[in-house]
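Below is one structure; the comments refer to it alone.
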Amino acid sequence: AQSVSQHNHHVILSEAASLELGCNYSYGGTVNLFWYVQYPGQHLQLLLKYFSGDPLVKGIKGFEAEFIKSKFSFNLRKPSVQWSDTAEYFCAVNEAGGFKTIFGAGTRLFVKA
Amino acid sequence: ETGVTQSPTHLIKTRGQQVTLRCSSQSGHNTVSWYQQALGQGPQFIFQYYREEENGRGNFPPRFSGLQFPNYSSELNVNALELDDSALYLCASSLRQDYGYTFGSGTRLTVV
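The listed protein sequences derive, respectively, from chains Z and Y. 922 is the number of the first residue of the first sequence in this note's numbering; add one for each residue after it. 6 is the number of the first residue of the second sequence in this note's numbering; add one for each residue after it.
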């Protein structure tokens, strides 16, 4: 069965620090990969997605993620975080053409001003 | 874009009762998925509807059922409520079944 593992449940960073959130999935076939973000008091929204092509994907607000197929990973990065990046981040995966998107447990990021 | 709207935002039900949650999908989206999110966990897939048919289901019992209407809006019905059904229920619409989602704000269900 598919599963998604996010390595850190809570991350605390100071402003301007670099961010990397880990995500690994278990599925041997072709997958689509996503990162979603939930800011305090808001609904989940799509941050970026990977379907095919360049494994380095750029999303909104300066975020990027790299798909490493050999490691079944899709880590989220940002070179310099801001206080406004405080949110919960969810990694998600589905089988290409499939109906079921599986989410990780989420990582809560707190950025100190 | 109209976004995804869910109603109600909160409700409290008694164990054994039945509940119906509603969702209006984003304009142009023909696929609706429902998720259950317990506190401190990621969303868990309940089922997906595409053009009024259920086209996939997660590990939820049959007392969780749904509908999709011709305008692509959707309902989630839960019968014989249990305490463990207390959670945030999220509706998400998409252009295709494996595309990225647009989520609603959710319905917070408390079963007492």
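Note that CB positions come from ideal geometry on N, CA and C, so glycine has one too.
- Each of Z:S924, Z:H930, Z:S935 was checked against the Cα of K999 of chain Z, and the nearest Cα belongs to Z:S935.
- If you look at F74 of chain Y, you'll find it isn't in any beta strand (DSSP E); DSSP assigns it neither H nor E.
- DSSP places T7 of chain Y in no beta strand (DSSP E); its state is neither H nor E.
- At a C-beta separation below 9 Å, F108 of chain Y has these neighbours in chain Z: Y957, Q959, H964, L965, Q966, L967.
- When C-beta atoms of the segment 57-64 of chain Y are compared with those of the segment 8-16 of chain Y, fewer than three pairs fall below 8 Å, so the two segments do not count as touching.
- In the three-state scheme derived from DSSP, where H, G and I count as helix and E and B as strand, G61 of chain Y is classed as strand.
- Considering only beta carbons, the part of the segment 36-61 of chain Y lying closer than 9 Å to chain Z consists of T36, S38, Y40, Q42, G45, Q46, G47, P48, Q49, F50, F52, Q53, Y55, N60, G61, in chain order.
- F1011, C1012, A1013, N1015, E1016, A1017, G1018, G1019, F1020, K1021, T1022, I1023, F1024, G1025, A1026, G1027: these are the residues of the segment 1003-1027 of chain Z whose beta carbon lies less than 9 Å from some beta carbon of chain Y, given in chain order.
- Runs of the beta strand (DSSP E) spanning 3 or more residues and lying entirely within the segment 933-982 of chain Z occur at 940-942, 944-947, 952-959, 966-971, 977-979, in chain order.
- Nearest to K990 of chain Z by alpha-carbon distance, out of Z:N953, Z:I1023, Z:G1019, is Z:N953.
- DSSP, read as helix, strand or coil, puts K992 of chain Z in helix.
- Among the CB atoms of chain Y, none fall inside 7 Å of the CB of K999 of chain Z.
- Around the beta carbon of V117 of chain Y, fewer than 16 other beta carbons sit within 10 angstroms, so the residue counts as exposed.
- The three-state reading of DSSP puts S29 of chain Y in strand, counting E and B together.
- V925 of chain Z is bridged by DSSP to Z:Y946.
- The three-state reading of DSSP puts L1030 of chain Z in strand, counting E and B together.
- Per the DSSP secondary-structure output, K999 of chain Z pairs in a beta bridge with Z:L940.
- Contacts with chain Y at 7 Å (Cβ-Cβ) do not include N996 of chain Z.
- When DSSP reads this structure, W39 of chain Y sits in a beta bridge with Y:F52, Y:C96.
- In the DSSP secondary-structure assignment, S70 of chain Y is bridged to Y:N82.
- Distance check between I1023 of chain Z and each of Z:I933, Z:S939, Z:Y957 places Z:Y957 closest, using alpha-carbon atoms only.
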